[in-house]
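Have a look at the structure below, then the notes.
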Amino acid sequence: MTSVTDVSPARPAFRLTRAFQGLERLVVPALLIAGWEAFARSGMLPPALLPAPSAVLHALGDWVFGFDETTQTYSGHWLRDALASAFRVFGGFALASLLGILAGVAIGWSRLFEKTLEPTLQMLRPIPPVSWIPLAIIWFGIADKPAVFLVFLGAFFPVLMNSIHGVKTVDHNLVRAGAMMGANSRQMLTDIVLPAALPSIFAGLRIAVGSAWMLTVTAEMVAVKSGLGYVLWDSYYFLRYDIVLAAMISIGLLGYLSDLGLKAIMARTLRWQQTTTVQGRAG
Amino acid sequence: MAAIELRNIVKMFSDKRRGRDLLTLDNINLDIESNDFVCLLGPSGCGKSTLLNIIAGFEQATSGRALVDGKQVERPGSDRGVVFQQPTLMPWLTAIDNIAFHLKLKGVAKAERHDRAMEFIDLVGLRGFEHHHPSEMSGGMNQRVGIARALLMNPSVILMDEPFAALDAQTKLEMQEELVAIWQKRRCTIVFVTHSVDEALVLGNKIVVMTRRPGRIREAVTFDLPRPRDITSPEFNDAKRHILALIREESTRLAQAS
Numbered sequence: 001m002t003s004v005t006d007v008s009p010a011r012p013a014f015r016l017t018r019a020f021q022g023l024e025r026l027v028v029p030a031l032l033i034a035g036w037e038a039f040a041r042s043g044m045l046p047p048a049l050l051p052a053p054s055a056v057l058h059a060l061g062d063w064v065f066g067f068d069e070t071t072q073t074y075s076g077h078w079l080r081d082a083l084a085s086a087f088r089v090f091g092g093f094a095l096a097s098l099l100g101i102l103a104g105v106a107i108g109w110s111r112l113f114e115k116t117l118e119p120t121l122q123m124l125r126p127i128p129p130v131s132w133i134p135l136a137i138i139w140f141g142i143a144d145k146p147a148v149f150l151v152f153l154g155a156f157f158p159v160l161m162n163s164i165h166g167v168k169t170v171d172h173n174l175v176r177a178g179a180m181m182g183a184n185s186r187q188m189l190t191d192i193v194l195p196a197a198l199p200s201i202f203a204g205l206r207i208a209v210g211s212a213w214m215l216t217v218t219a220e221m222v223a224v225k226s227g228l229g230y231v232l233w234d235s236y237y238f239l240r241y242d243i244v245l246a247a248m249i250s251i252g253l254l255g256y257l258s259d260l261g262l263k264a265i266m267a268r269t270l271r272w273q274q275t276t277t278v279q280g281r282a283g
Numbered sequence: 284m285a286a287i288e289l290r291n292i293v294k295m296f297s298d299k300r301r302g303r304d305l306l307t308l309d310n311i312n313l314d315i316e317s318n319d320f321v322c323l324l325g326p327s328g329c330g331k332s333t334l335l336n337i338i339a340g341f342e343q344a345t346s347g348r349a350l351v352d353g354k355q356v357e358r359p360g361s362d363r364g365v366v367f368q369q370p371t372l373m374p375w376l377t378a379i380d381n382i383a384f385h386l387k388l389k390g391v392a393k394a395e396r397h398d399r400a401m402e403f404i405d406l407v408g409l410r411g412f413e414h415h416h417p418s419e420m421s422g423g424m425n426q427r428v429g430i431a432r433a434l435l436m437n438p439s440v441i442l443m444d445e446p447f448a449a450l451d452a453q454t455k456l457e458m459q460e461e462l463v464a465i466w467q468k469r470r471c472t473i474v475f476v477t478h479s480v481d482e483a484l485v486l487g488n489k490i491v492v493m494t495r496r497p498g499r500i501r502e503a504v505t506f507d508l509p510r511p512r513d514i515t516s517p518e519f520n521d522a523k524r525h526i527l528a529l530i531r532e533e534s535t536r537l538a539q540a541s
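Chains as they are written, first to last, in our numbering: chain A, 1 to 283; chain B, 284 to 541.
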């Protein structure tokens, strides 16, 4: 028979010393990279097909700083390429956030908008944004515009869905409390429903920023001649898998940084919520 | 003129899934005088919260009228302060901003809002916690904020729906004493919904005993035991015996009927 006290986990065994705190998140990436390096150097695959992490780092370094032109025409142009992609992400994401929140709140709040607007939007939602590429190109040509349009399509629906959900699930009693204190319908929306829906809206924005990076790279592969996605696809034609991987890493890193930035804004805006997370204050 | 007049109030809820109507309140007539502390006492599901919601304007009676200060209730409004069962505070606002929320809706400037709210922070004993968010305070403290928020509107009546039901026994006793003190100090009309005989007898000077569904008024007992009330005194026990007898009669009647 197991007694109740036996169930408690042996916490001290898992506790890391202070020196290693914060480093535990590096363990898995470090192991992966070491394994990859060893495998690439073993010669089981030709180096051109699977470049070692050191070679990728070399390509990335030259792309960024331009020290030995191993990346040829891209040497030293990383900032220009990254900014081109970031601009499209930001443009499409900003547009999608604005319209997604507006439409989502309108649909969540008003039966009229729910009946008139929502069916159309819900019908457009399952269409993969990528399938708009042919139309985007004939409408907007080969430039920034089709890319921004695709990013917008990818980012709009997560914002929309979460805004609708956030407004619809506002605690009914908060609305009653607002009415009791004399809120008119405009105040009900701006002072009660919107703040109450913010956590859900932010969840939508975080999903959207991820989609935005995915879509901008996709668009750059086919519809634009600049940016990280273009470099990735162009290098593939020249069999430069080190640059392909360097581009993938760049996209991952920038996407991660965008999410961190959004998380920081969220933490500031939703400060009131922080003490209620499951993990407590530190969460 | 009574502060609250309830005239022939009937409330039916339509149970669409089962295709029948549920009679919740059956012909309620009641006058509540100004500065009364009235406790609506009844078992769960007797419609006492529904009756409170009708006075608050959250729900409409199927027939009959509810008047507050002679005016028919049509919608919620700041002339009737409501304290909910759960504190129901805006979680993104601090205690002081929650208390002053009514003033913000009226467009009062921030400095003045805070000045006026501080008086109520002191009244409910929350000085030092005015800048805490609801998530940083205990259930009892949040309920104090809820009471202060209702008082700040200076409503003609305050409607309370089992506001202490979720609190532990000790906090509940403290809050009951404080509520009586506030009522004595500020002279307001309170309608307090409860299912606890003891709570009703500690708080009210009029106790309205309701029957099980459909809700009717069994008897309105006036109870003027001086305060602070000694819950072990013979007078308290006499009143308690009387009310328990009313409730027991009701259960027996139901048992025989079934």
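Built from N, CA and C at the ideal position, the CB exists for glycine as well.
Quantities reported herein were computed from a predicted structural model and do not represent experimental measurements.
State yes or no: is the beta carbon of residue i nearer than 8 Å to at least one beta carbon in chain A?
| i | result |
| --- | --- |
| G302 (chain B) | no |
| E532 (chain B) | no |
| S421 (chain B) | no |
| F384 (chain B) | yes |
| T371 (chain B) | yes |
| A344 (chain B) | no |
| A339 (chain B) | yes |
| G360 (chain B) | yes |
| S418 (chain B) | yes |
| W466 (chain B) | no |
| L350 (chain B) | no |
| F296 (chain B) | no |
| L388 (chain B) | yes |
| P446 (chain B) | no |
| F475 (chain B) | no |
| F506 (chain B) | no |
| P374 (chain B) | yes |
| M401 (chain B) | no |
| V463 (chain B) | no |
| V365 (chain B) | yes |
| D458 (chain B) | The amino acid occupying residue 458 (chain B) in the given sequence is Met; Asp does not appear at that position. No, M458 (chain B) lies away from the interface with chain A (no Cβ there is under 8 Å from its Cβ). |
| M443 (chain B) | no |
| M424 (chain B) | no |
Given a cut-off of 8 Å, decide if residue j and residue i are closer than it, judged by their beta-carbon atoms.
| i | j | result |
| --- | --- | --- |
| P446 (chain B) | V391 (chain B) | no |
| V151 (chain A) | V231 (chain A) | no |
| R396 (chain B) | A383 (chain B) | yes |
| P374 (chain B) | S418 (chain B) | yes |
| L323 (chain B) | V476 (chain B) | yes |
| I337 (chain B) | I287 (chain B) | no |
| L289 (chain B) | N310 (chain B) | no |
| D362 (chain B) | P438 (chain B) | yes |
| T216 (chain A) | A147 (chain A) | yes |
| M424 (chain B) | H385 (chain B) | no |
| I265 (chain A) | A59 (chain A) | no |
| R358 (chain B) | G340 (chain B) | yes |
| L335 (chain B) | V474 (chain B) | yes |
| I514 (chain B) | V492 (chain B) | no |
| E518 (chain B) | L508 (chain B) | yes |
| I441 (chain B) | A448 (chain B) | no |
| A96 (chain A) | A208 (chain A) | yes |
| L450 (chain B) | M458 (chain B) | yes |
Using 8 Å as the limit for Cβ to Cβ distance, is residue i near chain B?
| i | result |
| --- | --- |
| R268 (chain A) | no |
| D6 (chain A) | Unreliable placement is indicated for D6 (chain A), whose pLDDT of 47 sits below 50; the coordinate value is still reported in the next sentence. It does not: the Cβ of D6 (chain A) has no partner Cβ on chain B nearer than 8 Å. |
| F176 (chain A) | The sequence shown places Arg at residue 176 (chain A), not Phe. Yes, because at least one Cβ of chain B sits closer than 8 Å to the Cβ of R176 (chain A). |
| W272 (chain A) | yes |
| Q279 (chain A) | Legend: pLDDT at Q279 (chain A) = 42, less than 50; position of this residue unreliable, no value from coordinates given. |
| G108 (chain A) | no |
In the segment 171-196 of chain A, which residue ranges form an unbroken alpha helix (DSSP H) of at least 4 residues, counting only runs that do not cross its ends? Entirely contained in the segment 171-196 of chain A, the alpha helix (DSSP H) runs reaching 4 residues are, in chain order, 172-180.
Tell me, please, whether the segment 160-176 of chain A touches the segment 217-234 of chain A by the rule of three or more beta-carbon pairs shorter than 8 Å. No, they do not touch.
Closer than 8 Å is the cut-off here; do at least three beta carbon pairs connect the segment 56-75 of chain A with the segment 128-148 of chain A? The segment 56-75 of chain A vs the segment 128-148 of chain A: no contact.
Check whether the segment 399-411 of chain B and the segment 483-493 of chain B touch, using three or more Cβ-Cβ pairs below 8 Å as the test. Segments in contact, no.
For the segment 62-110 of chain A, list the alpha helix (DSSP H) runs that are entirely contained and at least 4 residues long, ordered along the chain. If you keep only unbroken alpha helix (DSSP H) runs of at least 4 residues inside the segment 62-110 of chain A, you get 78-109.
Using a Cβ distance threshold of 8 Å, determine whether the segment 284-293 of chain B contacts the segment 340-355 of chain B, with at least three qualifying pairs required. Contact check between the segment 284-293 of chain B and the segment 340-355 of chain B: three or more CB pairs, one atom from each, fall below 8 Å, which counts as touching.
Looking at C-beta atoms only, is the number of pairs between the segment 314-331 of chain B and the segment 241-259 of chain A that lie closer than 8 Å three or more? When Cβ pairs closer than 8 Å are counted between the two stretches, the segment 314-331 of chain B is seen not to touch the segment 241-259 of chain A, the count staying below three.
Residues of the segment 169-196 of chain A in Cβ contact with chain B at a cutoff of 9 Å, in chain order, please. Shown in chain order are the members of the segment 169-196 of chain A whose Cβ falls below 9 Å from a Cβ of chain B: D171, N173, L174, R176, A177, G178, A179, M180, M181, G182, A183, N184, Q187, D191, I192, P195 and A196.
Kindly provide the ranges of any alpha helix (DSSP H) runs that are 4 or more residues long and lie completely inside the segment 424-496 of chain B, ordered along the chain. Fully enclosed alpha helix (DSSP H) runs of no fewer than 4 residues occupy 452-469 and 480-486 of the segment 424-496 of chain B, in order along the chain.
The segment 347-366 of chain B contacting the segment 429-440 of chain B, beta-carbon criterion three pairs below 8 Å: Yes: at least three Cβ pairs fall under 8 Å.
Quick check: the segment 192-204 of chain A against the segment 159-170 of chain A, are there 3 or more CB pairs under 8 Å? The segment 192-204 of chain A vs the segment 159-170 of chain A: in contact.
Meets three-Cβ-pair contact criterion under 8 Å: the segment 119-126 of chain A and the segment 179-187 of chain A: By the criterion of at least three beta-carbon pairs nearer than 8 Å, the segment 119-126 of chain A is not in contact with the segment 179-187 of chain A.
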